[in-house]
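Q:
Residue numbers (the working numbering), protein chains in the order written: chain A, 1 to 116; chain B, 1001 to 1112.
#1: Would you call the segment 1029–1037 of chain B in contact with the segment 1007–1019 of chain B, where contact means no fewer than 3 C-beta pairs closer than 8 Å?
#2: Please check if any C-beta of chain A sits within less than 8 Å of the C-beta of residue 1051(B).
#3: Beta-carbon separation of residue 21(A) and residue 39(A) under 8 Å?
#4: Expressed to the nearest angstrom, what Euclidean distance is found between the alpha-carbon atoms of residue 84(A) and residue 91(A)?
#5: Under 8 Å Cβ-Cβ, which residues of chain B neighbour residue 33(A)?
#6: Could you pull the DSSP bridge partners for residue 1004(B) from this structure?
#7: For the 8 Å Cβ check, are there 3 or more pairs between the segment 26–35 of chain A and the segment 1078–1092 of chain B?
#8: Buried or exposed, going by whether 16 or more other CB atoms sit within 10 Å of the CB of residue 48(A)?
#9: Does residue 43(A) have its Cβ less than 8 Å from a Cβ in chain B?
#10: Can you confirm whether the segment 1095–1110 of chain B touches the segment 1030–1046 of chain B when touching is taken to mean that 3 or more C-beta pairs between the two stretches lie within less than 8 Å?
#11: Which residues does DSSP pair with residue 1013(B) in a beta bridge?
#12: On the DSSP bridge assignment, give the partners of residue 1040(B) in chain order.
#13: If contact means a Cβ-Cβ distance below 9 Å, which residues of the segment 1005–1029 of chain B contact chain A?
#14: Since residue 93(A) is in the beta strand (DSSP E), which residue starts that stretch and which ends it?
#15: Could you tell me whether the Cβ atoms of residue 1047(B) and residue 1053(B) are closer together than 8 Å?
#16: Determine whether the Cβ of residue 1063(B) lies closer than 8 Å to any Cβ atom of chain A.
#17: Would you decide whether residue 19(A) is buried or exposed? Buried here means 16 or more other CB atoms lie within 10 Å of its CB.
#18: Hey, quick one: how far does the beta strand (DSSP E) through residue 1069(B) stretch, first residue to last?
#19: Could you please give the first and the last residue of the uninterrupted beta strand (DSSP E) stretch that includes residue 51(A)?
#20: Residue 93(A) and residue 35(A) - do their beta-carbons sit closer together than 8 Å?
#21: Grouping DSSP H, G and I as helix and E and B as strand, with all else coil, what is residue 62(A)?
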């Protein structure tokens, strides 16, 4: 079974500072994918970034980067130069790569609040 | 851009009613998913489908059923709604298992 753990229910960060949101995972699959989604107060889930378990480099997308440490089973999201619009819920999720295991398993989320 | 459309943003129904939540995607995606989201629990998978007329149970299928008669449409059915099914329901689709899932805006369902 797959499990995602997000230990930070809420975080408050000053605008323009960098933010690290923690995510640890557990799986017995040799191949898997890790995702981060953002959910603003309006409710829609927005895909941010993806990391494959065999990717050699950490994923980056604009201000988002994923600090992937496979041996520690962690996949932390780093947001550089935070903005007020970054205030939202953030979810880490994992998907297995084998047929029948494509479903996403989500963590409980971290509520990020950016302070002006 | 991928568009996943859920039929209602807000819905209020009564205990015992049969409730239909509709989801349509416009990108010819193979896979479609239904989740519910509750505070402190994250998103939990109810049902998913890999193809037309195919369905698989997720983690919490009890009290729900689904229908996928056409590739673009995936319906979630509450056979006899109960108050513990009050929740936010999110539909998602993806082209295959290696691609991110794209979500609709969600339906906030209240069962009175």
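In this text, a Cβ means the ideal position worked out from N, Cα and C, and glycines have one as well.
Nothing here was measured: the structure is a model prediction, and the numbers come from that model.
A: Quick answer:
#1: no
#2: no
#3: no
#4: 18 Å
#5: 1098
#6: 1025(B)
#7: no
#8: buried
#9: yes
#10: yes
#11: 1111(B)
#12: BP columns for residue 1040(B) are empty, so no partner.
#13: 1009
#14: 88–96
#15: no
#16: no
#17: buried
#18: 1064–1070
#19: 46–52
#20: yes
#21: coil
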